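**Student:**
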(Lines of atoms letter the chains of each structure in order from A and count residues from 1; the text may use other names and numbers.)
(Lines give C-alpha, C1' and ligand atoms only; values in the text may rest on other atoms or scores of the structure.)
Protein backbone atom coordinates (compact mmCIF):
# COMPACT_ATOMS: atom_id res chain seq x y z
CA UNK A 1 0.00 0.00 0.00
CA UNK A 2 1.36 3.45 -0.84
CA UNK A 3 2.25 5.90 1.92
CA UNK A 4 -0.58 8.20 0.74
CA UNK A 5 -3.19 5.40 0.98
CA UNK A 6 -1.90 4.41 4.42
CA UNK A 7 -2.31 8.00 5.62
CA UNK A 8 -5.84 8.23 4.18
CA UNK A 9 -6.83 4.91 5.75
CA UNK A 10 -5.39 5.95 9.12
CA UNK A 11 -7.21 9.28 8.93
CA UNK A 12 -10.51 7.52 8.23
CA UNK A 13 -10.05 5.31 11.28
CA UNK A 14 -9.36 8.36 13.44
CA UNK A 15 -12.46 10.06 12.07
CA UNK A 16 -14.69 7.11 12.91
CA UNK A 17 -13.17 6.90 16.40
CA UNK A 18 -13.79 10.59 17.07
CA UNK A 19 -17.41 10.29 15.90
CA UNK A 20 -17.96 7.31 18.20
CA UNK A 21 -16.43 9.17 21.14
CA UNK A 22 -18.67 12.18 20.55
CA UNK A 23 -21.74 9.96 20.31
CA UNK A 24 -20.86 8.19 23.53
CA UNK A 25 -20.13 11.49 25.26
CA UNK A 26 -23.68 12.68 24.63
CA UNK A 27 -25.13 9.98 26.87
CA UNK A 28 -22.35 9.78 29.46
CA UNK A 29 -22.89 10.94 33.02
CA UNK A 30 -20.56 10.86 35.97
CA UNK A 31 -21.59 9.07 39.14
CA UNK A 32 -20.83 11.27 42.11
CA UNK A 33 -19.97 14.30 39.98
CA UNK A 34 -21.99 17.44 39.46
CA UNK A 35 -22.45 17.10 35.68
CA UNK A 36 -25.98 16.63 34.37
CA UNK A 37 -27.25 14.34 31.58
CA UNK A 38 -27.42 15.98 28.16
CA UNK A 39 -30.85 17.01 26.89
CA UNK A 40 -30.76 14.42 24.12
CA UNK A 41 -29.50 11.48 26.16
CA UNK A 42 -30.72 8.08 24.99
CA UNK A 43 -29.97 6.42 28.34
CA UNK A 44 -32.86 4.05 29.10
CA UNK A 45 -31.74 3.07 32.62
CA UNK A 46 -34.50 3.16 35.24
CA UNK A 47 -34.93 6.27 37.35
CA UNK A 48 -33.11 6.05 40.70
CA UNK A 49 -35.10 5.22 43.80
CA UNK A 50 -35.58 8.34 45.94
CA UNK A 51 -36.00 7.80 49.70
CA UNK A 52 -39.23 9.34 50.98
CA UNK A 53 -38.44 9.57 54.70
CA UNK A 54 -35.66 10.30 57.15
CA UNK A 55 -35.39 6.56 57.80
CA UNK A 56 -35.09 5.87 54.08
CA UNK A 57 -32.36 8.48 53.59
CA UNK A 58 -30.48 7.12 56.60
CA UNK A 59 -30.65 3.58 55.22
CA UNK A 60 -29.48 4.76 51.80
CA UNK A 61 -26.39 6.39 53.33
CA UNK A 62 -25.49 3.41 55.48
CA UNK A 63 -25.94 0.94 52.62
CA UNK A 64 -23.94 2.89 50.04
CA UNK A 65 -21.13 4.58 51.94
CA UNK A 66 -20.33 2.33 54.94
CA UNK A 67 -18.14 -0.74 54.46
CA UNK A 68 -18.89 -3.95 56.44
CA UNK A 69 -16.04 -3.17 58.86
CA UNK A 70 -17.56 0.21 59.75
CA UNK A 71 -15.39 2.49 57.63
CA UNK A 72 -17.29 5.35 55.96
CA UNK A 73 -15.67 5.58 52.54
CA UNK A 74 -15.61 8.67 50.34
CA UNK A 75 -15.85 6.58 47.18
CA UNK A 76 -16.37 9.68 45.07
CA UNK A 77 -13.19 11.31 46.44
CA UNK A 78 -10.56 8.65 45.98
CA UNK A 79 -11.72 6.17 48.61
CA UNK A 80 -10.32 7.85 51.70
CA UNK A 81 -11.97 8.29 55.10
CA UNK A 82 -12.24 11.38 57.29
CA UNK A 83 -13.33 11.80 60.90
CA UNK A 84 -16.27 13.90 59.71
CA UNK A 85 -17.60 10.92 57.77
CA UNK A 86 -17.26 8.56 60.73
CA UNK A 87 -19.12 11.06 62.91
CA UNK A 88 -21.87 11.45 60.31
CA UNK A 89 -22.12 7.67 60.14
CA UNK A 90 -22.56 7.46 63.91
CA UNK A 91 -25.28 10.11 63.92
CA UNK A 92 -27.13 8.48 61.02
CA UNK A 93 -26.85 4.95 62.47
CA UNK A 94 -28.14 6.29 65.80
CA UNK A 95 -31.13 7.94 64.12
CA UNK A 96 -31.82 4.72 62.19
CA UNK A 97 -31.62 2.82 65.50
CA UNK A 98 -29.20 0.47 63.78
CA UNK A 99 -27.28 -0.88 66.75
CA UNK A 100 -25.03 -3.10 64.63
CA UNK A 101 -24.03 -0.35 62.19
CA UNK A 102 -23.32 2.01 65.08
CA UNK A 103 -21.08 -0.54 66.78
CA UNK A 104 -19.17 -1.25 63.57
CA UNK A 105 -18.63 2.42 62.74
CA UNK A 106 -17.53 3.16 66.29
CA UNK A 107 -15.22 0.15 66.39
CA UNK A 108 -13.45 1.20 63.20
CA UNK A 109 -13.19 4.79 64.40
CA UNK A 110 -11.67 3.85 67.74
CA UNK A 111 -9.26 1.36 66.17
CA UNK A 112 -7.99 3.62 63.39
CA UNK A 113 -8.62 7.28 64.22
CA UNK A 114 -8.80 7.82 67.98
CA UNK A 115 -5.72 9.48 69.47
CA UNK A 116 -4.31 9.17 72.98
CA UNK A 117 -6.02 12.46 73.95
CA UNK A 118 -9.41 10.99 72.84
CA UNK A 119 -9.71 13.29 69.80
CA UNK A 120 -9.95 11.83 66.31
CA UNK A 121 -7.32 11.97 63.57
CA UNK A 122 -8.76 13.78 60.59
CA UNK A 123 -7.82 11.65 57.55
CA UNK A 124 -7.07 7.99 56.83
CA UNK A 125 -6.13 6.47 53.46
CA UNK A 126 -4.09 3.61 52.02
CA UNK A 127 -4.17 1.66 55.27
CA UNK A 128 -2.91 4.37 57.61
CA UNK A 129 -3.60 7.77 59.14
CA UNK A 130 -2.45 10.44 56.70
CA UNK A 131 -3.22 13.46 58.88
CA UNK A 132 -3.50 13.05 62.65
CA UNK A 133 -4.78 16.57 63.33
CA UNK A 134 -8.29 16.64 64.85
CA UNK A 135 -11.25 18.52 63.36
CA UNK A 136 -13.57 20.02 65.97
CA UNK A 137 -16.84 19.48 64.12
CA UNK A 138 -16.18 15.76 63.72
CA UNK A 139 -15.20 15.33 67.37
CA UNK A 140 -18.26 17.27 68.54
CA UNK A 141 -20.63 15.25 66.34
CA UNK A 142 -19.06 11.96 67.43
CA UNK A 143 -19.34 12.88 71.12
CA UNK A 144 -22.98 13.82 70.64
CA UNK A 145 -23.72 10.53 68.88
CA UNK A 146 -22.02 8.52 71.62
CA UNK A 147 -23.85 10.19 74.50
CA UNK A 148 -27.23 9.80 72.80
CA UNK A 149 -26.47 6.20 71.80
CA UNK A 150 -25.68 5.34 75.40
CA UNK A 151 -29.27 6.07 76.29
CA UNK A 152 -30.90 4.82 73.07
CA UNK A 153 -29.08 1.47 73.08
CA UNK A 154 -28.74 1.01 76.83
CA UNK A 155 -24.93 1.04 76.59
CA UNK A 156 -23.26 3.00 79.42
CA UNK A 157 -19.86 2.49 77.77
CA UNK A 158 -21.01 4.69 74.89
CA UNK A 159 -21.99 7.43 77.32
CA UNK A 160 -18.61 7.20 79.02
CA UNK A 161 -16.76 7.36 75.70
CA UNK A 162 -18.89 10.32 74.64
CA UNK A 163 -18.30 12.35 77.78
CA UNK A 164 -14.55 11.70 77.59
CA UNK A 165 -14.46 12.89 73.99
CA UNK A 166 -16.64 15.89 74.85
CA UNK A 167 -14.30 16.91 77.66
CA UNK A 168 -11.31 16.58 75.33
CA UNK A 169 -13.06 18.94 72.90
CA UNK A 170 -13.53 21.49 75.69
CA UNK A 171 -9.95 21.15 76.92
CA UNK A 172 -8.19 21.06 73.56
CA UNK A 173 -10.45 22.66 70.95
CA UNK A 174 -12.02 25.75 72.51
CA UNK A 175 -10.82 29.24 73.32
CA UNK A 176 -12.23 32.46 74.74
CA UNK A 177 -12.70 35.59 72.61
CA UNK A 178 -14.37 38.99 72.89
CA UNK A 179 -17.60 37.19 71.95
CA UNK A 180 -17.18 34.43 74.51
CA UNK A 181 -16.05 30.81 74.26
CA UNK A 182 -15.90 29.34 70.73
CA UNK A 183 -14.69 26.20 69.01
CA UNK A 184 -11.25 26.16 67.48
CA UNK A 185 -11.35 24.40 64.09
CA UNK A 186 -8.31 22.37 65.11
CA UNK A 187 -5.26 22.39 67.34
CA UNK A 188 -3.41 24.32 64.65
CA UNK A 189 -5.50 27.39 65.51
CA UNK A 190 -4.67 27.40 69.23
CA UNK A 191 -2.76 30.29 70.77
CA UNK A 192 -3.51 32.85 68.06
CA UNK A 193 -4.60 36.38 68.93
CA UNK A 194 -6.77 36.47 65.80
CA UNK A 195 -8.68 33.19 65.81
CA UNK A 196 -9.53 31.25 62.61
CA UNK A 197 -13.17 30.25 62.87
CA UNK A 198 -15.57 28.03 60.94
CA UNK A 199 -19.17 29.15 61.65
CA UNK A 200 -20.59 25.78 60.57
CA UNK A 201 -18.73 23.84 63.28
CA UNK A 202 -20.91 25.32 66.03
CA UNK A 203 -23.84 23.07 66.96
CA UNK A 204 -26.20 24.47 69.62
CA UNK A 205 -28.07 21.16 69.91
CA UNK A 206 -24.80 19.26 70.43
CA UNK A 207 -23.66 21.80 73.03
CA UNK A 208 -26.93 21.30 74.91
CA UNK A 209 -26.77 17.49 74.75
CA UNK A 210 -23.16 17.40 75.91
CA UNK A 211 -23.68 20.05 78.56
CA UNK A 212 -26.38 17.91 80.16
CA UNK A 213 -24.27 14.75 79.90
CA UNK A 214 -21.09 16.24 81.37
CA UNK A 215 -22.45 18.92 83.67
CA UNK A 216 -19.66 21.17 82.36
CA UNK A 217 -20.68 24.85 82.13
CA UNK A 218 -18.25 25.43 79.30
CA UNK A 219 -20.80 23.95 76.91
CA UNK A 220 -23.28 26.68 77.91
CA UNK A 221 -20.47 29.17 77.27
CA UNK A 222 -19.98 27.66 73.82
CA UNK A 223 -23.69 28.04 73.08
CA UNK A 224 -23.61 31.72 74.03
CA UNK A 225 -20.30 32.52 72.36
CA UNK A 226 -21.17 30.79 69.09
CA UNK A 227 -24.55 32.54 68.95
CA UNK A 228 -22.83 35.89 69.52
CA UNK A 229 -20.41 35.29 66.66
CA UNK A 230 -23.14 34.13 64.27
CA UNK A 231 -25.21 37.19 65.19
CA UNK A 232 -22.24 39.46 64.53
CA UNK A 233 -21.65 37.84 61.14
CA UNK A 234 -25.27 38.23 60.05
CA UNK A 235 -25.27 41.89 61.09
CA UNK A 236 -22.66 42.50 58.39
CA UNK A 237 -23.54 40.02 55.62
CA UNK A 238 -26.68 38.29 54.37
CA UNK A 239 -25.06 34.85 54.49
CA UNK A 240 -22.34 33.36 56.70
CA UNK A 241 -18.95 32.61 55.12
CA UNK A 242 -17.26 29.24 55.01
CA UNK A 243 -14.47 30.70 57.13
CA UNK A 244 -13.94 33.79 59.27
CA UNK A 245 -11.40 35.36 61.58
CA UNK A 246 -12.27 36.52 65.09
CA UNK A 247 -9.96 39.44 65.71
CA UNK A 248 -8.61 40.27 69.12
CA UNK A 249 -10.50 43.59 69.03
CA UNK A 250 -13.83 41.77 68.53
CA UNK A 251 -14.21 42.31 64.79
CA UNK A 252 -15.34 39.33 62.71
CA UNK A 253 -13.83 39.21 59.22
CA UNK A 254 -14.97 36.75 56.52
CA UNK A 255 -12.12 34.74 55.01
CA UNK A 256 -11.86 32.65 51.82
CA UNK A 257 -10.21 29.79 53.70
CA UNK A 258 -8.81 28.79 57.09
CA UNK A 259 -5.49 30.52 56.42
CA UNK A 260 -6.96 33.54 54.65
CA UNK A 261 -6.17 32.22 51.17
CA UNK A 262 -8.10 30.19 48.62
CA UNK A 263 -9.96 32.60 46.35
CA UNK A 264 -13.04 34.73 47.01
CA UNK A 265 -15.01 34.64 50.24
CA UNK A 266 -18.11 32.50 49.78
CA UNK A 267 -21.05 30.72 51.32
CA UNK A 268 -20.51 27.14 50.22
CA UNK A 269 -20.05 23.54 51.29
CA UNK A 270 -19.13 24.53 54.85
CA UNK A 271 -21.35 27.54 55.53
CA UNK A 272 -24.50 25.87 54.20
CA UNK A 273 -24.45 23.75 57.37
CA UNK A 274 -25.00 26.80 59.61
CA UNK A 275 -28.76 26.95 58.97
CA UNK A 276 -29.17 23.25 59.77
CA UNK A 277 -27.14 23.47 62.97
CA UNK A 278 -29.18 26.43 64.24
CA UNK A 279 -32.61 25.33 62.98
CA UNK A 280 -32.53 22.12 65.04
CA UNK A 281 -31.79 24.00 68.25
CA UNK A 282 -34.34 24.04 71.04
CA UNK A 283 -33.56 27.72 71.65
CA UNK A 284 -35.81 30.20 69.83
CA UNK A 285 -32.93 32.68 69.41
CA UNK A 286 -30.95 30.11 67.42
CA UNK A 287 -33.90 29.26 65.19
CA UNK A 288 -34.40 32.96 64.53
CA UNK A 289 -30.82 33.19 63.28
CA UNK A 290 -31.46 30.27 60.91
CA UNK A 291 -34.65 31.86 59.60
CA UNK A 292 -32.79 35.06 58.69
CA UNK A 293 -31.10 33.24 55.81
CA UNK A 294 -34.41 32.32 54.17
CA UNK A 295 -35.05 35.41 51.98
CA UNK A 296 -31.55 35.26 50.49
CA UNK A 297 -31.69 31.55 49.69
CA UNK A 298 -35.12 31.91 48.08
CA UNK A 299 -33.76 34.25 45.40
CA UNK A 300 -32.30 31.36 43.40
CA UNK A 301 -34.18 28.39 42.00
CA UNK A 302 -32.51 26.08 41.12
CA UNK A 303 -30.38 26.82 44.17
CA UNK A 304 -26.59 26.61 43.72
CA UNK A 305 -24.37 25.49 46.55
CA UNK A 306 -21.88 28.32 46.10
CA UNK A 307 -23.01 31.93 46.63
CA UNK A 308 -21.32 35.17 47.57
CA UNK A 309 -22.28 36.62 50.92
CA UNK A 310 -25.02 38.70 49.31
CA UNK A 311 -26.66 35.64 47.77
CA UNK A 312 -25.44 35.89 44.16
CA UNK A 313 -24.46 32.56 42.60
CA UNK A 314 -20.72 32.11 42.02
CA UNK A 315 -21.09 28.62 40.50
CA UNK A 316 -24.26 27.05 39.05
CA UNK A 317 -23.59 23.60 40.56
CA UNK A 318 -26.42 22.20 42.69
CA UNK A 319 -25.91 19.99 45.73
CA UNK A 320 -28.23 18.27 48.21
CA UNK A 321 -26.80 20.34 51.06
CA UNK A 322 -27.97 23.56 49.41
CA UNK A 323 -31.59 22.40 49.49
CA UNK A 324 -31.28 20.92 52.99
CA UNK A 325 -29.96 24.29 54.17
CA UNK A 326 -32.87 26.17 52.63
CA UNK A 327 -35.24 23.63 54.18
CA UNK A 328 -33.71 24.52 57.55
CA UNK A 329 -34.37 28.22 57.06
CA UNK A 330 -37.97 27.51 56.08
CA UNK A 331 -38.47 25.13 58.98
CA UNK A 332 -37.06 27.69 61.40
CA UNK A 333 -39.43 30.29 59.95
CA UNK A 334 -42.43 28.04 60.62
CA UNK A 335 -42.98 26.79 57.06
CA UNK A 336 -42.75 22.98 57.27
CA UNK A 337 -44.46 22.38 53.91
CA UNK A 338 -41.85 24.28 51.89
CA UNK A 339 -39.15 22.75 54.07
CA UNK A 340 -40.37 19.25 53.16
CA UNK A 341 -40.26 20.19 49.49
CA UNK A 342 -36.60 21.17 49.76
CA UNK A 343 -35.74 18.00 51.68
CA UNK A 344 -37.36 15.98 48.90
CA UNK A 345 -35.29 17.89 46.31
CA UNK A 346 -32.14 17.13 48.29
CA UNK A 347 -32.97 13.42 48.34
CA UNK A 348 -33.81 13.39 44.62
CA UNK A 349 -30.59 15.18 43.69
CA UNK A 350 -28.54 12.74 45.74
CA UNK A 351 -30.29 9.76 44.13
CA UNK A 352 -29.60 11.19 40.67
CA UNK A 353 -25.96 12.12 41.30
CA UNK A 354 -24.79 10.35 44.46
CA UNK A 355 -21.90 11.71 46.51
CA UNK A 356 -20.74 10.91 50.03
CA UNK A 357 -21.29 14.47 51.29
CA UNK A 358 -24.60 14.88 49.52
CA UNK A 359 -25.94 11.60 50.88
CA UNK A 360 -24.84 12.51 54.39
CA UNK A 361 -26.67 15.82 54.36
CA UNK A 362 -29.73 14.50 52.52
CA UNK A 363 -30.06 12.12 55.48
CA UNK A 364 -28.98 14.48 58.27
CA UNK A 365 -31.20 17.27 56.96
CA UNK A 366 -34.27 15.08 57.26
CA UNK A 367 -33.19 13.69 60.61
CA UNK A 368 -32.47 17.11 62.12
CA UNK A 369 -35.59 18.83 60.80
CA UNK A 370 -38.24 16.12 61.08
CA UNK A 371 -37.20 14.06 64.14
CA UNK A 372 -35.75 14.57 67.60
CA UNK A 373 -33.46 11.55 67.27
CA UNK A 374 -30.31 13.67 67.66
CA UNK A 375 -31.45 15.57 70.73
CA UNK A 376 -32.64 18.68 68.92
CA UNK A 377 -36.18 19.98 68.59
CA UNK A 378 -38.48 19.32 65.65
CA UNK A 379 -40.47 22.32 64.35
CA UNK A 380 -43.00 23.48 66.91
CA UNK A 381 -41.62 21.24 69.66
CA UNK A 382 -39.20 23.71 71.18
CA UNK A 383 -40.00 25.69 74.30
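Residue numbers (this note's numbering): 529 to 911. Every residue gets a Cβ at the ideal spot worked out from N, C-alpha and C, and that includes glycine. If you're wondering where the values come from, they're calculated on a predicted model, not measured in any experiment.
With distances taken Cα to Cα, identify the nearest neighbour of residue 706 among 578, 728, 714 and 755.
**Tutor:** Against the chain shown, residue 706 aligns to sequence position 178. Checking every option, the nearest Cα to that of residue 706 belongs to 755.
**Student:** Determine, using beta-carbon pairs with one atom in the region 744-758 and one in the region 824-837, whether at least three such pairs fall under 8 Å.
**Tutor:** With the cut-off at 8 Å, the region 744-758 and the region 824-837 do not touch.
**Student:** Hey, residue 626 and residue 590: beta-carbon distance below 8 Å or not?
**Tutor:** Residue 626 sits at position 98 when you count from the first residue of the chain shown. Residue 590 sits at position 62 when you count from the first residue of the chain shown. Yes, the pair counts as a contact, with Cβ atoms nearer than the cut-off.
**Student:** Evaluate residue 846 with the Cβ neighbour count: other Cβ atoms within 10 Å of its Cβ, from every protein chain shown; 16 or more gives buried, anything less gives exposed.
**Tutor:** As a working mapping, residue 846 is identified with position 318 in the chain shown. Classification of residue 846: buried, given that the 10 Å Cβ count is 16 or more.
**Student:** To the nearest whole angstrom, what separates the beta carbons of residue 667 and residue 648, a pair I think is in contact under 8 Å?
**Tutor:** For this step, residue 667 is matched to residue 139 along the chain shown. For this step, residue 648 is matched to residue 120 along the chain shown. About 6 Å separates the two Cβ atoms, so the contact holds.
**Student:** Around the C-beta of residue 704, are 16 or more other C-beta atoms found within 10 angstroms, so that it is buried, or is it exposed?
**Tutor:** Taking the chain shown and counting its residues from 1, one reaches residue 704 at position 176. Label assigned to residue 704: exposed.
**Student:** Which same chain residues, not among the five before or five after residue 674, have their C-beta less than 6 Å away from its C-beta?
**Tutor:** Numbered from its first residue, the chain shown carries residue 674 at position 146. 686, 689 and 690, listed in sequence order.
**Student:** If you run the structure through DSSP and keep just helix, strand and coil, what is residue 831?
**Tutor:** The sequence position of residue 831 within the chain shown is 303, counting from 1. DSSP places residue 831 in coil when its eight states are reduced to three.
**Student:** Measure the Cβ-Cβ separation of residue 771 and residue 785 and say whether it is below 8 Å.
**Tutor:** Residue 771 sits at position 243 when you count from the first residue of the chain shown. Residue 785 sits at position 257 when you count from the first residue of the chain shown. Yes.
**Student:** With a threshold of 8 Å on Cβ separation, who are the neighbours of residue 606 within its own chain once the five nearest residues in sequence on each side are excluded?
**Tutor:** Along the chain shown, one-based indexing puts residue 606 at 78. Around residue 606: 653.
**Student:** Please classify residue 612: is it buried, with 16 or more other beta-carbons within 10 angstroms of its beta-carbon, or exposed?
**Tutor:** Your numbering for residue 612 matches position 84 in the chain shown. Buried, by the Cβ-count rule.
**Student:** Express the C-alpha separation of residue 618 and residue 645 in angstroms, rounding to a whole number.
**Tutor:** Start at 1 with the first residue of the chain shown, and residue 645 comes out as number 117. Start at 1 with the first residue of the chain shown, and residue 618 comes out as number 90. C-alpha separation (whole angstroms): 20 Å.
**Student:** Considering just the uninterrupted stretch of the alpha helix (DSSP H) at residue 724, what are its terminal residues?
**Tutor:** On the chain shown, residue 724 is found 196 positions in, with the first residue counted as 1. First-last for residue 724: 723-725, but that is the beta strand (DSSP E), not the alpha helix (DSSP H).
**Student:** On the DSSP letters alone, give me the boundaries of the alpha helix (DSSP H) that residue 872 sits inside.
**Tutor:** For this step, residue 872 is matched to residue 344 along the chain shown. Residues 864-880.
**Student:** For residue 598 and residue 632, I'd like the C-alpha separation in whole angstroms.
**Tutor:** Position 70 of the chain shown holds residue 598. Position 104 of the chain shown holds residue 632. Taking the straight line joining both Cα atoms gives about 4 Å.
**Student:** How do the region 735-750 and the region 774-785 stand: do at least 3 beta-carbon pairs fall below 8 Å, yes or no?
**Tutor:** Not touching, per the Cβ criterion.
**Student:** In terms of residues, what are the limits of the beta strand (DSSP E) holding residue 508?
**Tutor:** With the chain running from 529 to 911 in the structure shown, residue 508 is simply not present.
**Student:** Cutting at 8 Å between CB atoms, please list the residues of its own chain near residue 722, excluding the five before and the five after it.
**Tutor:** Mapped onto the chain shown, residue 722 falls at position 194. 773, 774, 775 and 776, listed in sequence order.
**Student:** When you compare only the Cα positions, how much space is there between residue 728 and residue 878?
**Tutor:** For the purposes of this step, residue 728 is taken as the residue at position 200 of the chain shown. For the purposes of this step, residue 878 is taken as the residue at position 350 of the chain shown. About 21 Å.
**Student:** Determine whether the beta carbon atoms of residue 797 and residue 835 lie at a separation below 8 Å.
**Tutor:** Counting from one through the chain shown, the residue named residue 797 turns up at place 269. Counting from one through the chain shown, the residue named residue 835 turns up at place 307. Not a contact, by the Cβ cut-off of 8 Å.
**Student:** In whole angstroms, what is the alpha-carbon distance linking residue 882 and residue 742?
**Tutor:** Residue numbering aside, residue 882 sits at position 354 when the chain shown is read from its first letter. Residue numbering aside, residue 742 sits at position 214 when the chain shown is read from its first letter. The alpha-carbon atoms of residue 882 and residue 742 are separated by roughly 38 Å.
**Student:** Can you tell me where the alpha helix (DSSP H) holding residue 742 begins and where it ends?
**Tutor:** What you label residue 742 is simply residue 214 of the chain shown in a count that begins at 1. Run containing residue 742: 732-742, per the alpha helix (DSSP H) assignment.
**Student:** Of all the beta strand (DSSP E) runs that stay within the bounds of the region 777-842, which reach a length of 3 or more residues?
**Tutor:** Those beta strand (DSSP E) runs which fall completely within the region 777-842 and span 3+ residues are 780-783 and 832-835.
**Student:** In terms of residue numbering, what span does the beta strand (DSSP E) encompassing residue 708 cover?
**Tutor:** Sequence index remark: in the chain shown, residue 708 carries index 180 (1-based). First-last of the beta strand (DSSP E) with residue 708: 708-711.
**Student:** Is the distance from the Cβ of residue 582 to the Cβ of residue 899 below 8 Å?
**Tutor:** For the purposes of this step, residue 582 is taken as residue 54 along the chain shown, with counting starting at 1. For the purposes of this step, residue 899 is taken as residue 371 along the chain shown, with counting starting at 1. Yes. Within cutoff.
**Student:** Going by C-alpha distance, which of 708, 896 and 887 is nearest residue 579?
**Tutor:** In the chain shown, residue 579 corresponds to position 51, counting from 1. When each option's Cα is compared against that of residue 579, the closest is 887.
**Student:** How about residue 732 and residue 659: do their beta carbons lie closer than 8 Å?
**Tutor:** Looking up residue 732 in the chain shown gives position 204. Looking up residue 659 in the chain shown gives position 131. Cβ atoms of residue 732 and residue 659: not closer than 8 Å.
**Student:** Could you tell me the alpha carbon to alpha carbon distance between residue 895 and residue 901, rounded to whole angstroms?
**Tutor:** Within the chain shown, numbered from 1, the residue matching residue 895 stands at position 367. Within the chain shown, numbered from 1, the residue matching residue 901 stands at position 373. The straight-line gap from Cα to Cα measures roughly 7 Å.
**Student:** Flag this pair as yes or no: are the beta carbons of residue 856 and residue 807 separated by less than 8 Å?
**Tutor:** Against the chain shown, residue 856 aligns to sequence position 328. Against the chain shown, residue 807 aligns to sequence position 279. Taking 8 Å as the Cβ cut-off, residue 856 and residue 807 qualify as a contacting pair.
**Student:** Mind checking whether residue 817 and residue 833 have CB atoms under 8 Å apart?
**Tutor:** Here residue 817 is taken as the residue at index 289 of the chain shown, counted from 1. Here residue 833 is taken as the residue at index 305 of the chain shown, counted from 1. Against a cut-off of 8 Å, the Cβ pair of residue 833 and residue 817 comes out as no contact.
**Student:** Using DSSP with H/G/I as helix, E/B as strand and the rest coil, what is residue 667?
**Tutor:** Translated into the one-based positions of the chain shown, residue 667 becomes position 139. Three-state DSSP puts residue 667 in a helix.
**Student:** Start and end of the alpha helix (DSSP H) containing residue 590?
**Tutor:** Within the chain shown, numbered from 1, the residue matching residue 590 stands at position 62. From DSSP, the alpha helix (DSSP H) with residue 590 extends over 582-593.
**Student:** Assuming contact is defined by CB atoms lying nearer than 8 Å, are residue 586 and residue 891 in contact in what I supplied?
**Tutor:** In the chain shown, the residue the question calls residue 586 occupies position 58. In the chain shown, the residue the question calls residue 891 occupies position 363. Yes, these two residues count as a Cβ contact at 8 Å.
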